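J.: Everything in the sequence shown is counted per my numbering, starting at 116 for the first residue and increasing by one. Glycine included, every Cβ here is placed at the ideal spot set by N, Cα and C. Quick caveat, the model's predicted, so the values are computed rather than measured. Have a look at this one before I ask anything.
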Amino acid sequence: MPSEKSNAYCWGKNDKGQLGRSFASPNGLSYGDSVPVASQYSFWDIDVGGYDHVCAIQKGDNFPVRCWGGNEVGQLGMGYISAFHAELVGHVYFKGADKKKLSPVSNLSSGYAHSCATLMGEYSNVFCWGINIFGQLGNGQSGYKVYEVKAVNA
């Protein structure tokens, strides 16, 4: 949750790095023991809808999306799969080799192991990434396959 100064604090389970620390730990934290996440950044919005991942819209720097935590099915939007993302808080990138940050973003929503963001400006559209077992990415497909960040079919 963002604080009054727009810093993020997390608590709960941390077995996949979902507290935004640079490490995973089987021990979680209660609300009273919340820890700051990436204090070098301020966040405009944070979505904790996922099972083991968190995504947030960073303030400034053209409002990019950053995600952290579990990444077994590509739910962090990094373009690869891993048990968790070792970098503290990583950027979400467009599909392709140019590694363009997904920004500027106005809205963000996360599900069990996927997320979607509304992009403003030149590439205005809804972009989704992560697991797609039931077609939750809106790309006209379904199945247990990792999908990279792509625009939703209109």
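Could you give the distance in angstroms between the alpha-carbon of Ala232 and the alpha-carbon of Tyr208?
T.: The residue labelled residue 232 in the question sits at position 117 within the sequence shown. The residue labelled residue 208 in the question sits at position 93 within the sequence shown. Their Cα atoms are separated by approximately 12 Å.
J.: Report all residues from its chain with a CB closer than 6 Å to the CB of Lys131; omit the five preceding and five following residues, and keep chain order.
T.: Here residue 131 corresponds to residue number 16 of the sequence shown, with the count starting at 1. Hits under 6 Å: Ala139, Asp167, Gly184, Gly185, Phe199.
J.: For Gly236, name the three-state secondary structure that DSSP assigns.
T.: The sequence position of residue 236 within the sequence shown is 121, counting from 1. Three-state result, Gly236: helix.
J.: Going along the chain, which residues of its own chain have a beta-carbon closer than 8 Å to the beta-carbon of Pro151, five neighbours each way excluded?
T.: Along the sequence shown, read from residue 1 onward, the residue named residue 151 stands at position 36. The residues are Asn122, Ala123, Tyr124.
J.: Is it buried or exposed, Asp162, if we count other Cβ atoms within 10 angstroms and call 16 or more buried?
T.: Reading the sequence shown from its first residue, position 47 is the one you call residue 162. With 16 or more Cβ atoms within 10 Å of its Cβ, Asp162 is classed as buried.
J.: Can you name the start and end residues of the beta strand (DSSP E) that Asp176 belongs to?
T.: Taking the first residue of the sequence shown as 1, we reach residue 176 at position 61. Careful: Asp176 lies outside any beta strand (DSSP E) and carries neither H nor E.
J.: Can you tell me the Cβ-Cβ gap for Cys170 and Gly205, rounded? I've got them flagged as a contact below 8 Å.
T.: The residue labelled residue 170 in the question sits at position 55 within the sequence shown. The residue labelled residue 205 in the question sits at position 90 within the sequence shown. Cys170 to Gly205, Cβ: 10 Å. No contact.
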